[in-house]
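>
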Amino acid sequence: MKSHAAHSTAELLRREFKQAEGRWVSGEALSRKLQMSRTAVWKHVCTLKSEGYRIASSPRKGYMLEGIPDLLLPQEVREGLQTSRIGQGEIRYRRRMESTNLEAKALAAAGAAEGTLVIAEEQTAGKGRRGRHWFSPPGAGIYLSLILRPDIQPQEAPRFALLTAAAVAAAIREVTRLEATIKWPNDLLAGGRKLGGILTEIGMDMDRVEYMVIGLGINVNLERKDFPPELEELATSIQAEAGRFFPRLPLVRRILESFEETYAAYRQQGFAPILKRWQSYAEMMGRRIAVASLGQTFTGEVMDFDADGFLVLREENRGPMRFFSGDVSFV
Ligand code: BTN
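Just add 5 to wherever you are in the sequence shown, counting from 1, and you've got our numbering.
Here it is, written out as C-alpha cells:
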C-alpha cells in the first residue's frame, strides 16, 4: 500500500466520495479532513469532473458523487485489482492515442518496469497482426498494452501469444458467461466471429529478449452496425453476443488478474499445462483449415499444436507442415 503522501489531492478526494457511497459530503468536512481551503476542495472537484466523474454540488449540502464514468481511468482500474505486479506500477492512460503498442514500446525502450500498462479509450492508428489496422472507436473497446521483461530466448516469445489468449479467454468467459473460443494463434472469437486480438512485439538485445509488449484489443460495447462494412461479417463484440452492455472496468481487472496467474503458472510449471488450457478453448483439433503464411495458402487438417505452440497441419498435398505464424480460416 502506498502512503497517502504519494497520492494527489484529487485522488484523496475521490476516495472520500467513494466512501460516502452516494451520500452528500459537506465542503467543510472535506476541507477539514484534507486540510485545505474550501476553494481548493472545489478546484479538485472540478478536476474530477473533468475526468468524467459526475458530482453534484449544492451550496447547503456540499458534494455528492452520482456516478463514475465508464472509463478505464488508472485509479479505477487499480481499485480492488488483485494482482501483485501487473497494473500495480505505472499505468499510462490517454483518451486518445495512435496505438498503445507504439507507446508501450517507447516506454519499454526507455526502461519501464515489468507490469507497466498503457491504456487508451481510442486509437487513431491501432495495429493488428500482419500489418492490419485495428478498429478502435472511443470508449467501446479495451485497447491496452502490457510491458513484460521475461528472461527468455526469442524462440519462446510465440508462447506468450498463446498464453495471453488462454488467460483472456478465461477472463471473458468468467465475466460475461459467453463461450469465448480461440483461433490459432491468438484470435478471440465468439459465435464464430472475431471478438478480440492480441499483438505481441519484442525488443531484442543481442539474442535475449529485452522486453515484450503484449497488445490486447477487445470489442466490448459495440453493436454489429457500429462496425465498418468490411468487418460486419467478421467481427463481433461482447455486447452484440450477450445482448447487453458490459462495463469495461471489471473485465479489464479480471483480464489482468487472469494474465498474472497464467504467467506465474508458466514460470512455475512450464508451457505444457498452459497449452492444454489453450487447447480446451481452441476447439481446432482435426478441423479442416486453410493457413495463409509466407504469401501462400495451405489447406489440410489440424494434427497438433506442438510444445512451442506451433501449428502442425496435415497438408493435403504435402503432408505434415509446421507453422509458427499465419492466418487461419475454417473450410
Ligand atoms: C489482431 O490483429 O488480431 C491483433 C489486434 C491487436 C489490437 C490491440 S489494441 C491495443 C494494442 N495496440 C495496438 O495498436 N494493437 C493492439
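Idealized CB from N, CA, C, for every residue including glycine.
Bear in mind the structure is a predicted one, so any value in this text is a computation, not a measurement.
1. Using CA atoms only, rank isn't needed, just tell me which of Arg164, Ala170, Leu77, Ala25 is closest to Ser285.
2. Please confirm whether Gly202 and Trp283 have their CB atoms less than 8 Å apart.
3. Let's test the definition: count the other Cβ atoms within 10 Å of the Cβ of Lys7 and tell me whether it reaches 16, buried, or not, exposed.
4. Mapping the DSSP letters down to three states, classify Leu183 as helix, strand or coil.
5. Compare the beta carbon distance of Ala25 and Leu70 with 8 Å and say whether it is the shorter of the two.
6. Checking the sheet assignment: what are the DSSP bridge partners for Ser334?
7. Extract the residue ranges of the beta strand (DSSP E) inside the segment 77 to 153, only unbroken runs of 3 or more that lie entirely within it.
8. Going by beta carbon distance, what residues of the same chain come within less than 6 Å of Ile177, once the five residues before and after it are set aside?
9. Within 8 Å, do at least three Cβ pairs link the segment 214 to 221 to the segment 150 to 158?
10. Answer yes or no: the CB of Gln87 versus the heavy atoms of the ligand BTN, is any distance below 7 Å?
11. Could you give the first and the last residue of the continuous alpha helix (DSSP H) run that contains Thr205?
12. If I follow the unbroken alpha helix (DSSP H) through Gly32, where does it start and stop?
13. Out of curiosity, what's the CA-to-CA distance linking Gly248 and Arg37?
14. Taking the C-alpha atoms as reference points, what is the distance between Arg229 and Thr44?
15. So what does DSSP say about Ser242, is it helix, strand or coil?
16. So what's Phe310 in DSSP terms, helix, strand or just coil?
17. How far does the beta strand (DSSP E) with Ile219 in it reach, from first residue to last?
18. Of all the options Val225, Ala166, Leu254, Arg253, which has the alpha carbon lying nearest to the alpha carbon of Glu246?
19. If you follow the beta strand (DSSP E) that Glu71 is in, where does it begin and where does it stop?
20. Label Glu321 either buried or exposed according to how many other C-beta atoms from any shown protein chain fall within 10 Å of its C-beta, with 16 as the threshold for buried.
21. Could you tell me the boundaries of the beta strand (DSSP E) in which Arg319 lies?
22. Pull up the distance between the alpha-carbon of Lys110 and that of Ala172, whole angstroms please.
23. Taking Cβ positions, are Ala145 and Gly208 nearer each other than 8 Å?
24. Between Gly133, Leu107, Pro142, Gly300, which has its C-alpha nearest Glu126's C-alpha?
A quick look at the data gives this:
1. Checked all of Arg164, Ala170, Leu77, Ala25; the closest Cα to Ser285 is Ala170.
2. Result no, Cβ atoms of Gly202 and Trp283 do not sit closer than 8 Å.
3. With a pLDDT of only 41 at Lys7, under 50, the local geometry of the prediction cannot be trusted, and the value read off the model is given with reservation. Its Cβ having fewer than 16 others within 10 Å, Lys7 is exposed.
4. In the three-state reduction of the DSSP assignment, Leu183 falls in the coil class, being assigned neither a helical nor a strand state.
5. Result yes, Cβ atoms of Ala25 and Leu70 sit closer than 8 Å.
6. DSSP, once it has assigned bridges, lists Ala295 as partnering Ser334.
7. Runs of the beta strand (DSSP E) inside the segment 77 to 153: 96 to 102, 122 to 128, 146 to 153.
8. Around Ile177: Ala185.
9. Between the segment 150 to 158 and the segment 214 to 221, the count of Cβ pairs shorter than 8 Å is three or higher; the stretches touch.
10. Distances from the CB of Gln87 to the heavy atoms of the ligand BTN are all 7 Å or more.
11. Segment 198 to 210 is the beta strand (DSSP E) holding Thr205; no alpha helix (DSSP H) there.
12. Where Gly32 is concerned, the enclosing alpha helix (DSSP H) starts and stops at 32 to 38.
13. Going by the C-alpha atoms only, they are around 47 Å apart.
14. As the crow flies, the alpha-carbon of Arg229 is around 47 Å from that of Thr44.
15. Here Ser242 carries a coil assignment [DSSP, helix/strand/coil].
16. In the structure shown, Phe310 sits in a strand (DSSP, three-state: E or B).
17. Counting along the chain, the beta strand (DSSP E) containing Ile219 begins and ends at 213 to 224.
18. The residue from Val225, Ala166, Leu254, Arg253 with its alpha-carbon nearest to that of Glu246 is Val225.
19. Note, Glu71: beta strand (DSSP E), 67 to 72.
20. Under a 10 Å Cβ-count criterion, Glu321 is classified as exposed, with fewer than 16 other Cβ atoms of the shown protein chains found around its own Cβ.
21. Secondary structure note for Arg319: its beta strand (DSSP E) is the uninterrupted segment 316 to 320.
22. Taking the straight line from one Cα to the other gives about 22 Å.
23. The answer is no: Cβ separation not under 8 Å.
24. Ranking Gly133, Leu107, Pro142, Gly300 by Cα distance to Glu126 puts Pro142 first.
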